[in-house]
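Please read the structure below before turning to the comments.
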Amino acid sequence: MVDRYQPSEFEEKWVEEWEKTGVYKVHKVIKSIKSVNKKQYVLAMFPYPSGAGLHVGHVRNYTGTDVVARYFRMNGHSVLHPMGWDAFGLPAENAAVKAKKNPMDMVPEHIETFKKQMKSLGFSYDWDREFTTTDPNYYKWTQWLFIQFYKMGLLYKKNAPINYCPKCKTGLAEEEVLPDGTHERCGNKIEKRDLPQWVFKITKYADRLLSDLEGLDWPKGILEMQRNWIGKKEGINIKYQVSSIKYQVECFTTTPVNFGATFLVVAPEHELIKKILKKEIKVPESNYKEVKKYVEWATGESEQDRLKVNKEKTGVFTGLYAINHVNKKEIPIYVTDFVLATVGTGAVQGCPGHDMRDFEFAKKFNLPIPRVVTGLKGETGSIEKTEDVVEHGGVMVNSDFLNGISFEKAMKKTMDYFEEKGWGKRVTTYHLRDWIFSRQRYWGEPIPMVNCKKCGWNPIPESELPLKLPYVKSYEPTETGESPLSIIPEFVNTICLKCGGKAQRETDTMPNWAGSCWYFLAFAFWNQHEDSAAQFLSHESLTSASRGPLESEKIASASSLPPSISNFKLKIENSGSWLPVDWYLGGAEHAVLHLLYSRFWVKALYDLKLLNFKEPFLRLRNQGMILAEDHRKMSKSFGNVISPDSVINEFGADALRIYEMFMAPFNQEISWATKSLQGSYRFVKRIWDLYQNYVGNKNFCSVQEEDKQLVVKLQKTIRKVTSDIPEVKFNTSIASMMEFLNEWEKTLGVMGYGLSGKNAKMFLQILAPFAPFMTEEIWKNVLREKKSIHLSAWPTVEGEIVEEELIIPIQVNGKLRSTLRVSRYEISKDIVEKKALQDEKVKKYVEAKEYKVIYVPGKIINFIVR
RNA sequence: GCCGUGGUGGUGAAAUGGCAUACACGCAGGACUUAAAAUCCUGUGACUUAACAGUCGUGAGGGUUCGACUCCCUCCCGCGGCACCA
26 MVDRYQPSEF
36 EEKWVEEWEK
46 TGVYKVHKVI
56 KSIKSVNKKQ
66 YVLAMFPYPS
76 GAGLHVGHVR
86 NYTGTDVVAR
96 YFRMNGHSVL
106 HPMGWDAFGL
116 PAENAAVKAK
126 KNPMDMVPEH
136 IETFKKQMKS
146 LGFSYDWDRE
156 FTTTDPNYYK
166 WTQWLFIQFY
176 KMGLLYKKNA
186 PINYCPKCKT
196 GLAEEEVLPD
206 GTHERCGNKI
216 EKRDLPQWVF
226 KITKYADRLL
236 SDLEGLDWPK
246 GILEMQRNWI
256 GKKEGINIKY
266 QVSSIKYQVE
276 CFTTTPVNFG
286 ATFLVVAPEH
296 ELIKKILKKE
306 IKVPESNYKE
316 VKKYVEWATG
326 ESEQDRLKVN
336 KEKTGVFTGL
346 YAINHVNKKE
356 IPIYVTDFVL
366 ATVGTGAVQG
376 CPGHDMRDFE
386 FAKKFNLPIP
396 RVVTGLKGET
406 GSIEKTEDVV
416 EHGGVMVNSD
426 FLNGISFEKA
436 MKKTMDYFEE
446 KGWGKRVTTY
456 HLRDWIFSRQ
466 RYWGEPIPMV
476 NCKKCGWNPI
486 PESELPLKLP
496 YVKSYEPTET
506 GESPLSIIPE
516 FVNTICLKCG
526 GKAQRETDTM
536 PNWAGSCWYF
546 LAFAFWNQHE
556 DSAAQFLSHE
566 SLTSASRGPL
576 ESEKIASASS
586 LPPSISNFKL
596 KIENSGSWLP
606 VDWYLGGAEH
616 AVLHLLYSRF
626 WVKALYDLKL
636 LNFKEPFLRL
646 RNQGMILAED
656 HRKMSKSFGN
666 VISPDSVINE
676 FGADALRIYE
686 MFMAPFNQEI
696 SWATKSLQGS
706 YRFVKRIWDL
716 YQNYVGNKNF
726 CSVQEEDKQL
736 VVKLQKTIRK
746 VTSDIPEVKF
756 NTSIASMMEF
766 LNEWEKTLGV
776 MGYGLSGKNA
786 KMFLQILAPF
796 APFMTEEIWK
806 NVLREKKSIH
816 LSAWPTVEGE
826 IVEEELIIPI
836 QVNGKLRSTL
846 RVSRYEISKD
856 IVEKKALQDE
866 KVKKYVEAKE
876 YKVIYVPGKI
886 INFIVR
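Numbering-wise (this note's numbering), the first sequence opens with residue 26 and increments by one.
Next comes the structure, spelled out in structure tokens:
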């Protein structure tokens, strides 16, 4: 009698059993890992636990990560595979506001849902390492890190125009503003507002953030996005004397084609313009009026209109002239909105022959357009049309001492010359801006700083950490741009540590990125159980026998240690050799947010000598988004959301896992297709039935009786899955196992079982990372194994795989005409050529003609006929 | 415009110099069934052909090679990112 495949009958049971026996626990960390390859820190980007529960997109990411973790575990590596919760931030708070609940109460409920769902999917996390970023025991460290960064001069408070979201009522970082000028979280239009803000000097690390990308095994696109975002540019700042007044305008340029400079343009926000408007710099009255009118118009434009490409150039003459150093000519100064105040110096030298924007501007205002660089075909004529503009390449002309020199060399020579003369100075600029780090919201880590009128800003003492976020009734954002904490006198009022006078606490909170900037460090040493501190002990090796819990030794747990430099060092020292992260899997949307910020914190901690590595994530892989069946984003409002729970109910967790790994390459965006899910379900079910039959008849065959061809196929499948998983090619792993199953089933019909028990177990083992429930159920209850399949050793195939029979394609003039079956003893050129010529189809093309033979042994034979 | 990435059956896709379309979905026909579902079997790139078989075929065009989805050159299109960045 064969049991029908009913996943609901055993999946839950195994979750409990694995937990009870600690199959996935990391009780020991090897302090002296001999081979670096032996440790694998396998991490998925931890989730923000929303009220909606787990999304099928989460399932894809976490299943892939879980497959990698299980693979290495079975291959004898020490694996750290943790999970936690990133629960601070706007989405949680906005949801709480909507539900009229305190986020402090809501978050634990959501976590419970998430955790339950994750367990039902069989992810092999060590839950002892779990933590929540909103836990005071966690964020006391986030606050402590803030203080360390403050002390090393990386944080300062300043009042400046920042991006402000009127809907979320908070300031934002550059990275959180989308290209269309909206907030990446809520989609609302961003405004500029003057607010005092804590600012992180990430720009100080721009160069290292750029150069250290070099050694990372990350997707090219993400590396490129970070490079773009950092936006390093090397050029020169040139000082122009304004005629007849005591004022200089500084222009930044990467390509100083100065013999071609015929005007200067400055941004409407430029200091010169401000001085003109304040009449500190006198210009003719008609120019003054025009400038005033233009600036009012230009600054009234929306940010978006202002940044639109290809719109017609506008601007007005200021009435002032500057002197071009190289030819002492007077060139007019214009104000225009195509020059951006935030880029370079906010002023640009116009070289219309060799810059498209300058060309358009010069055409519109009838300014001279000299040619100082030849065209790509050596053209030297006048520049009339846009096609004539040469932006790089070519050879210098009409440029005095530069004539005849290539463009690139001339730029270098000009810069040397200008520096020598004291006219300019080489500079490096970056697109990266300092990171606005305060939010005027309730749901974040309180910033541990106190302000005294006499003594200024000072951090709170370590002993007072955590500075707890008060539990309050009203936490909704205020209209004034101030944090909700500012209306709680008990929180605000304190005493200055320096002078003992009255002082006020900072009431802004940290952005949602703070907690995730160091969580991967925490996983390496975190243990939520106060008594179970075995992780701090050093061990020679991690054998499966030593996986049992050690309860005799007691050391203060990670979470109970008060924050201090010595305790942080202790935690890092005791964290074993887990860090840095070896495998990091998650979405590409964090390219210039979380991934940049985390890298920055790690570098700062390295400089503080608190870490001995410079990059947090050695290997990064992105998972593609799952769209709904209608090819749109899954969304409640479209009613097209697929819930993992309902899929598990109907098909079981294994089928869901297999489907999500099989549906497409891991990093590719893909639409959900319930029809396709059926195929994965059938696959799982067919394996179930097959093994059930095995035991029903108690018939494994002996090694001698095995179907040799089937064994070869199995060996090839093992090889394929073994090499595919670390390449994150889960889809082809599964396809190859499906191929094997097809062949095995065919054999079953004809000649019994085909495989020995040993080989039948191997197939189950390579399937185990993908379908942990069913494989465990068969492993223990059908094959009667004692230990978990997930702690068994990954099967290997030694030596060369020997195929008895080969199929060799026969080509004539490179065209396939026939195929030839030969035994592996008959693959010499002579035999194959002779046999191939006996083939009727081949005869037809080759017979009685002169021919040449190309033969790749065992692979292909090609007859070249004239 | 620049950077990245991709273009292969009705669909998701596989093959990184050697039998193009593996694997899966869908579809068609058949078996089982009173019937349906489930399951199983067969077929399934296009065109020509009664059939045998042949021709064409991996976005387009060229090249290298005995042989190209794969390498090189030119171009077109989709997706993602950046962008009046001086």
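Beta carbons: idealized from backbone N, C-alpha and C, even for Gly.
Computed from a prediction, not measured in an experiment: that's the story for all the values here.
For the pair Pro191 and Glu209, the CB atoms are not nearer than the 7 Å cut-off. Shown here for Leu633: same chain residues with a beta carbon closer than 7 Å to its own, the five before and five after excluded, namely Gln173, Met177 in chain order. Annotation: Val398 to Phe386 spans about 19 Å, alpha carbon to alpha carbon. Taking the Cα of Thr157 as reference, the smallest distance to any Cα among Gly419, Trp110, Pro471, Leu618 is reached at Trp110. Nearest to Glu200 by C-alpha distance, out of Trp482, Leu618, Ile885, Ile695, is Leu618. By the C-beta criterion, the stretch 37–52 is judged not to be in contact with the stretch 62–75, since fewer than 3 inter-stretch pairs fall below 8 Å.
If you draw a straight line from the Cα of Ala539 to the Cα of Ile885, it comes to about 59 Å. Excluding residues up to 5 positions away in sequence, Ile301, Val308, Asn312, Val316, Ile358, Tyr359, Val360 lie with their Cβ nearer than 7 Å to the Cβ of Thr343 in the same chain. Given a length threshold of 3 residues, the stretch 382–421 has no whole run of the beta strand (DSSP E) inside it.
Here Trp243 carries a coil assignment [DSSP, helix/strand/coil]. The continuous alpha helix (DSSP H) containing Phe550 extends over residues 544–550. Within 10 angstroms of the beta-carbon of Gly429 lie fewer than 16 other beta-carbons, which makes it exposed. For Met177, there is no enclosing alpha helix (DSSP H), as DSSP gives it neither H nor E.
Looking at the DSSP output, Thr278 shares a beta bridge with Ile261. Counting along the chain, the unbroken beta strand (DSSP E) around Ala347 starts and ends at 341–348.
Taking the CA atoms as reference points, Glu155 sits about 27 Å from Arg464.
Its Cα nearest to that of Lys63, the residue Leu604 stands out among Leu522, Leu604, Ser508. For Asn599, the closest of Phe691, His102, Phe550 by C-alpha to C-alpha distance is Phe550.
Apart from the 5 residues on each side of it in sequence, Lys745 sits with its Cβ closer than 6 Å to the Cβ of Ser761 in its chain, given in chain order.
Within the same chain, Ala231, Leu234, Leu235, Tyr455, His456, Leu457 come within 7 Å of Ile255 by CB-CB distance, once the 5 residues on both sides are set aside. If you check the CB distance, Asp607 and Gln65 come in under 7 Å. The stretch 831–839 and the stretch 807–818 do not touch, with fewer than three beta-carbon pairs separated by less than 8 Å. Judged by DSSP in its simplified three-state form, Thr532 adopts coil rather than helix or strand.
Looking at the backbone, the Cα of Asn806 and that of Phe171 are separated by about 53 Å. Under the three-state reduction of DSSP, Ser508 is assigned to coil, being neither helix nor strand.
In the structure shown, Pro186 adopts extended strand secondary structure according to DSSP, grouped into three states. Taking 7 Å as the cut-off, the Cβ atoms of Val351 and Asn262 do not count as close.
When DSSP reads this structure, Tyr66 sits in a beta bridge with Leu105.
A residue is called buried when at least 16 other Cβ atoms come within 10 angstroms of its Cβ; Phe426 does not meet this threshold and is exposed. Between the alpha carbons of Gly47 and Met99 lies a distance of about 15 Å. The shortest CA-to-CA distance from Glu34 to any of Ala678, Phe390, Trp243 is the one to Ala678. Collapsing the DSSP output to three states places Val728 in coil. Distances from the alpha-carbon of Phe593 to those of Tyr496, Glu41, Thr167 put Thr167 closest. Between Ser591 and Glu487, the CB-CB gap reaches or exceeds 7 Å. Only residues of its own chain outside the window of five on either side were considered, and among them Ile695 have a CB closer than 6 Å to the CB of Met688, listed in chain order.
Taking C-beta atoms as the reference points, Cys480 and Lys523 count as a pair closer than 7 Å.
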